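Note sheet for the following structure.
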Amino acid sequence: MTHWTTHDIPDQTGKLAIVTGATGGLGLETALVLASKGAEVVLAARNPSKGAEAVRLIRERHAGANVRFDPLDLGDLASVEAFAARHLSDGRPIDILINNAGIMALPTRQTTADGFEMQFGTNYLSHFALTGRLLPLLTAAKARVVQLSSIAHRGGRIRLDNLNSQSGYSAWPVYQQSKLAMLMFALELQRRSDAQNWGLTSLAAHPGFARTDLIANGHVDGRSSLFSRGARLIEGFMSHSAADGALPILMAATLPDAAPGAYYGPVGFQEMKGRPGPAVVKPQARDADVARRLWIESERLTGVRYG
């Protein structure tokens, strides 16, 4: 593949795209490009003031952009249900769903409104619930569905007996589990779409080491501040911008001949930065039996069944 850029993205006019966590970082960069290509873009995030600022920024850069904010708190399944209900009531098929929002390596165990460990609940379970609740609109459009994983999935392990880290909480392994779960979700969703004839193209992407607020927003105590300082020391030569980090996401969302179940990321050293292309899927992410069991447990925990 030649060096793919946003210039290679086909016209998206007439398509509806939803991007979670789209008021900053990777989500905002993704939304900016999709809006510039003519898509109607929904910025799904928690903060209305940041949402208004993001809408203003996109319209300032792209006159006539069709973009709006719609509140979504991924730390609360009631908010996920309400968001989905609004879209189901509207009835507009969804062409692109990008499950981008996430938090990273909270130094102490916290919980969502529903009692789930915060990283697993926010990064994965709420996206699982959101996708399931929006399924009728996604299948109606034969949608492209993109899950945000991470190079952190490489060291991840799905702890089916301790998904919510009720014992032995450790920030980084819990983050790794949540991002492994997202990659496994993408692969299992494709398997189920094929089996049930949903017509979806399910993919995953990761940004490499992109310069966003993800690390700063997660690490707030002394030990994690040391982690943050270490990350800042190497980011100058091992990282790239949020705009570059969004390229694999955009590739997954728009590449016309993207293979179902594909995974995209930067192709540079250790997939930390570089032009976008196919990314490495570690063997544990391909374990179909664990993925099936995780899916069943996710349906039980969220109360959302895919039919």
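My numbering numbers the first residue of the sequence shown as 3 and each following residue consecutively.
Using N, Cα and C, we set each Cβ at its ideal position, and we do this for glycine too.
Bear in mind the structure is a predicted one, so any value in this text is a computation, not a measurement.
Asked	Found
Mark residue 58 as exposed unless 16 or more other C-beta atoms lie within 10 angstroms of its C-beta, in which case mark it buried.	exposed
Looking at residue 18 and residue 95, is the spacing between their C-beta atoms short of 8 Å?	yes
In whole angstroms, what separates the C-alpha of residue 289 from that of residue 180?	15 Å
Using DSSP with H/G/I as helix, E/B as strand and the rest coil, what is residue 101?	strand
Three-state secondary structure (DSSP) at residue 126?	helix
Does the segment 122–132 come within contact of the segment 49–58, defined as at least 3 CB pairs closer than 8 Å?	no
Taking contact to mean 3 or more Cβ pairs, one atom from each stretch, closer than 8 Å, check whether the segment 167–176 and the segment 143–151 are in contact.	no
Counting only runs of 3+ residues fully inside the segment 32–106, write out the beta strand (DSSP E) ranges in chain order.	42–47, 69–73, 98–101
How many whole angstroms separate the CB atoms of residue 158 and residue 123, which I take to be in contact at a CB cut-off of 8 Å?	With 8 Å as the limit, residue 158 and residue 123 do not qualify as a contact, their Cβ atoms being about 16 Å apart.
If I measure Cβ to Cβ from residue 154 and keep anything under 7 Å in the same chain, skipping five residues before and after, which residues do I get?	177, 178, 181
I need the DSSP call for residue 279, collapsed to helix, strand or coil.	strand
Does the segment 112–126 come close enough to the segment 5–17 to have 3 or more Cβ pairs within less than 8 Å?	no
Between 299, 74, 22, which has its C-alpha nearest residue 163's C-alpha?	299
For the segment 58–68 and the segment 82–90, state whether three or more C-beta atom pairs, one from each stretch, are separated by less than 8 Å.	no
Would you give the residue range spanned by the beta strand (DSSP E) that residue 179 belongs to?	No beta strand (DSSP E) holds residue 179; the alpha helix (DSSP H) holding it covers 173–198.
Have a look at the DSSP bridge pairing and note the partners of residue 268.	278
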